[in-house]
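Worksheet for the structure shown next.
Numbering (the numbering used here), first residue to last: 4 to 135.
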């Protein structure tokens, strides 16, 4: 399993981790038996930004969940299932961290739907309201 790290906040203290499944035969139709390469994408983020923007994050980091404790590498690890669009998740995290210059002014409907599902899951509607 390989790991890609994106620095949303270079001084961050949280690794938001999403699995990415890449098919080795991208042109094949879905539901075929093709080998998959498992990749994790890590986003280095600020716990302060996350907890201010997301009531869900605030609950997780102020509780007895494993995410509230730092791992051996010195970061909090917040792992998600592979149900979210990785590009949409990156855009949501950039908005939460004020990296708005990197947000496209126009996007495909699928990407917008992916962002909406992440906003709903993180409960960060207020933080992203301006960008809707």
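Glycine residues also receive a C-beta, built at the ideal position from the N, C-alpha and C atoms.
Skipping 5 residues on each side, what residues in its chain have a beta carbon closer than 8 Å to that of residue i?
{"i": "residue 57", "result": "99, 125, 126, 127, 130"}
{"i": "residue 114", "result": "88, 90, 91, 94"}
{"i": "residue 12", "result": "47, 48, 49, 52, 100"}
{"i": "residue 85", "result": "21, 22, 23, 24"}
{"i": "residue 72", "result": "79"}
Per DSSP, what kind of secondary structure is residue i in: helix, strand or coil?
{"i": "residue 98", "result": "helix"}
{"i": "residue 58", "result": "helix"}
{"i": "residue 46", "result": "strand"}
{"i": "residue 106", "result": "coil"}
{"i": "residue 27", "result": "Note on residue 27: pLDDT 47, under 50, position unreliable in the model; no value is reported."}
{"i": "residue 223", "result": "Only positions 4 to 135 of the chain appear in this structure, which leaves residue 223 out of reach."}
In the DSSP assignment, find the beta strand (DSSP E) that holds residue i and state where it starts and stops.
{"i": "residue 5", "result": "5-10"}
{"i": "residue 82", "result": "79-82"}
Using CA atoms only, rank isn't needed, just tell me which of the options is closest to residue i.
{"i": "residue 16", "options": "23, 105, 22, 54", "result": "54"}
{"i": "residue 121", "options": "73, 59, 7", "result": "59"}
{"i": "residue 97", "options": "123, 78, 134", "result": "134"}
{"i": "residue 5", "options": "14, 19, 42, 18", "result": "42"}
{"i": "residue 83", "options": "132, 45, 71, 9", "result": "45"}
What residue range does the alpha helix (DSSP H) around residue i cover?
{"i": "residue 129", "result": "128-131"}
{"i": "residue 117", "result": "112-125"}
Which residues does DSSP pair with residue i in a beta bridge?
{"i": "residue 22", "result": "43"}
{"i": "residue 137", "result": "Residue 137 falls outside the range modelled here, since the chain spans only 4 to 135, and no answer is possible."}
Tell me which residues share the same chain as residue i and place their Cβ nearer than 6 Å to its Cβ, disregarding the 5 neighbours each side in the sequence.
{"i": "residue 117", "result": "88, 91"}
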